[in-house]
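Peer 1: My questions all concern the structure below.
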Amino acid sequence: MKLQAELRGMATAGLMAYAAVLLMISFPVVVPGIELLQTLRFHLVALGLPLAGVLLFAGARWRALLVIPMMAVSLWQGSLPIIEGYQRRAEIAGDTLTTINVLSYNVLASRDGKAAADYIISAAPDIAVIMETPGIAGYLDQIAEVLPYRFGCDDRKSCDLSIFSRTPITDARMFLMPPIPRERLAVVKTVINDVPVTVAGMHLSKPYFDEASWSELQRATRVINAVEGRVIVAGDYNAAAWSDQVADFSARTGLVPPPWHPATWPVRLGPLGVPIDNMFTRGDVVIDEISAVADSYGSNHRALWARVNLLAPPQ
Numbered sequence: 001m002k003l004q005a006e007l008r009g010m011a012t013a014g015l016m017a018y019a020a021v022l023l024m025i026s027f028p029v030v031v032p033g034i035e036l037l038q039t040l041r042f043h044l045v046a047l048g049l050p051l052a053g054v055l056l057f058a059g060a061r062w063r064a065l066l067v068i069p070m071m072a073v074s075l076w077q078g079s080l081p082i083i084e085g086y087q088r089r090a091e092i093a094g095d096t097l098t099t100i101n102v103l104s105y106n107v108l109a110s111r112d113g114k115a116a117a118d119y120i121i122s123a124a125p126d127i128a129v130i131m132e133t134p135g136i137a138g139y140l141d142q143i144a145e146v147l148p149y150r151f152g153c154d155d156r157k158s159c160d161l162s163i164f165s166r167t168p169i170t171d172a173r174m175f176l177m178p179p180i181p182r183e184r185l186a187v188v189k190t191v192i193n194d195v196p197v198t199v200a201g202m203h204l205s206k207p208y209f210d211e212a213s214w215s216e217l218q219r220a221t222r223v224i225n226a227v228e229g230r231v232i233v234a235g236d237y238n239a240a241a242w243s244d245q246v247a248d249f250s251a252r253t254g255l256v257p258p259p260w261h262p263a264t265w266p267v268r269l270g271p272l273g274v275p276i277d278n279m280f281t282r283g284d285v286v287i288d289e290i291s292a293v294a295d296s297y298g299s300n301h302r303a304l305w306a307r308v309n310l311l312a313p314p315q
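First residue of the sequence shown: 1, per UniProt numbering; consecutive thereafter.
So this is what it looks like as structure tokens:
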């Protein structure tokens with residue numbers, strides 16, 4: 001009985017901590033790193049199951065039952081931005097003019113990226129949005145053999161994001177996003193099989209860097225909203241699509257999500273991780289298929305590989 005009472009007390013303390021975390025991610029709270037906790041929302045919801053089991057085992061039946069509505073409310077709240085995104089996706093219509101392959105990949109700047117470069121070359125996408133490009137800087141000439149057009153990382157001091165393409169790049173613009181003086185937002189235009197499309201790449205700060213990602217997304221919102229026509233937006237957001245900041249960004253820019261959000265980090269968890277790398281579209285373009293590449297090739301992120309349909313305008 002004494003052991004059960006002690007277990008009940010510890011489980012009750014766990015319940016209080018669990019409730020506090022769910023409340024924290026459910027309301028606007030200025031806490032560094034809150035986007036990370038929101039990204040982990042569905043993992044946190046799942047933790048309620050073993051917690052409820054421990055409470056039941058400890059004889060705290062009513063406290064165990066409290067966990068269920070807490071899980072349900074958090075699950076519902078996290079699902080709302082996903083549902084809203086799919087509602088925008090359902091409105092997309094039009095015949096497919098051409099289909100392209102798009103790669104979005106943080107190659108990790110702190111490692112020699114030969115394996116990553118070899119993968120990019122072998123995959124040979126139509127478009128590749130690459131974050132932390134210094135990791136593959138020694139292999140740009142080899143990559144140019146399959147993706148001859150590149151924008152970004154001409155200056156190694158500010159190099160981060162670059163966009164590679166099979167087809168000529170035009171109207172290329174690069175933006176620095178303070179407080180980190182790196183090239184982390186790029187917009188380019190290209191024409192693939194006679195169909196014009198704009199590609200935007202972005203690499204956001206980690207969410208615990210004093211809300212830097214919030215100001216970066218404000219800048220990105222203005223840039224993306226100024227783009228007309230078909231646009232593909234890809235990159236490392238360091239947060240999931242259902243986190244408050246990314247959900248607000250996609251809603252304010254009218255971006256359409258992919259069919260689902262594959263987990264890209266941490267690599268060791270594979271599909272059980274979280275989707276902190278994202279890809280969206282707007283206009284007469286839609287992501288038909290998307291997946292996370294199984295092998296990270298030395299990076300701490302799995303790459304996103306997508307088949308994207310460029311559509312004719314609706315009649």
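All residues carry an ideal CB built from backbone N, CA and C; glycine is no exception.
Run through DSSP, which three-state label would residue 297 get?
Peer 2: DSSP places residue 297 in coil when its eight states are reduced to three.
Peer 1: Using only alpha-carbon positions, find the residue among 227, 152, 12 and 144 that is nearest to residue 59.
Peer 2: The residue with the shortest Cα to Cα distance from residue 59 is 12.
Peer 1: What are the complete alpha helix (DSSP H) segments, minimum 4 residues, inside the stretch 135-174?
Peer 2: Entirely contained in the stretch 135-174, the alpha helix (DSSP H) runs reaching 4 residues are, in chain order, 140-144.
Peer 1: Give the DSSP-derived three-state secondary structure of residue 110 in the structure shown.
Peer 2: Coil at residue 110, not helix or strand.
Peer 1: May I ask you to report which of helix, strand or coil DSSP gives residue 288?
Peer 2: It is a strand residue.
Peer 1: Cβ atoms of residue 306 and residue 287: under 7 Å apart, would you say?
Peer 2: Yes, they are a contact pair.
Peer 1: To which residues of the same chain is residue 153 closer than 6 Å at the C-beta, ignoring the five residues directly before and after it?
Peer 2: The residues are 133, 159 and 162.
Peer 1: Alpha helix (DSSP H) containing residue 224: first to last residue?
Peer 2: Here the alpha helix (DSSP H) through residue 224 covers 212-225.
Peer 1: Please state the DSSP three-state secondary structure of residue 237.
Peer 2: Reduced to three states, the DSSP call for residue 237 is coil.
Peer 1: Can you say whether residue 68 is buried or exposed, counting buried as having 16 or more other CB atoms within 10 angstroms of its CB?
Peer 2: Under this definition residue 68 is an exposed residue.
Peer 1: DSSP state of residue 53, grouped into three classes?
Peer 2: Residue 53: helix per DSSP, three-state reduction.
Peer 1: Report the partner residues of residue 100 according to the DSSP bridge assignment.
Peer 2: According to DSSP, residue 100 bridges with 308.
Peer 1: Near residue 111, which residues of its chain fall below 8 Å by C-beta distance, leaving aside the five closest residues on each side in sequence?
Peer 2: Excluding residues within five positions, the ones whose Cβ falls inside 8 Å are 135, 298 and 299.
Peer 1: Sort out for me which residues DSSP pairs residue 261 with in a bridge.
Peer 2: DSSP lists no partner for residue 261.
Peer 1: Are the stretch 188-196 and the stretch 164-171 touching, with three or more C-beta to C-beta distances below 8 Å?
Peer 2: The answer is yes - the stretch 164-171 touches the stretch 188-196, with three or more Cβ pairs under 8 Å.
Peer 1: Identify whether residue 60 lies in helix, strand or coil by the three-state DSSP scheme.
Peer 2: Reduced to three states, the DSSP call for residue 60 is coil.
Peer 1: What span of residues does the beta strand (DSSP E) with residue 35 cover, start to end?
Peer 2: Unbroken run through residue 35 is the alpha helix (DSSP H), 34-39; no beta strand (DSSP E).
Peer 1: For residue 362, which residues in the same chain have their Cβ closer than 7 Å to its Cβ, ignoring the five residues on either side in sequence?
Peer 2: An answer regarding residue 362 cannot be provided, because it is not within the stretch 1 to 315 covered by the chain.
Peer 1: Taking 7 Å as the limit between beta carbons, can you name the residues of its chain near residue 221, skipping five residues before and five after?
Peer 2: So the list reads 249, 252 and 253, once near-sequence residues are dropped.
Peer 1: How many Å lie between residue 218 and residue 186 at the Cα?
Peer 2: The alpha-carbon atoms of residue 218 and residue 186 are separated by roughly 15 Å.
Peer 1: Cα separation between residue 123 and residue 57?
Peer 2: Cα-Cα distance, rounded: 52 Å.
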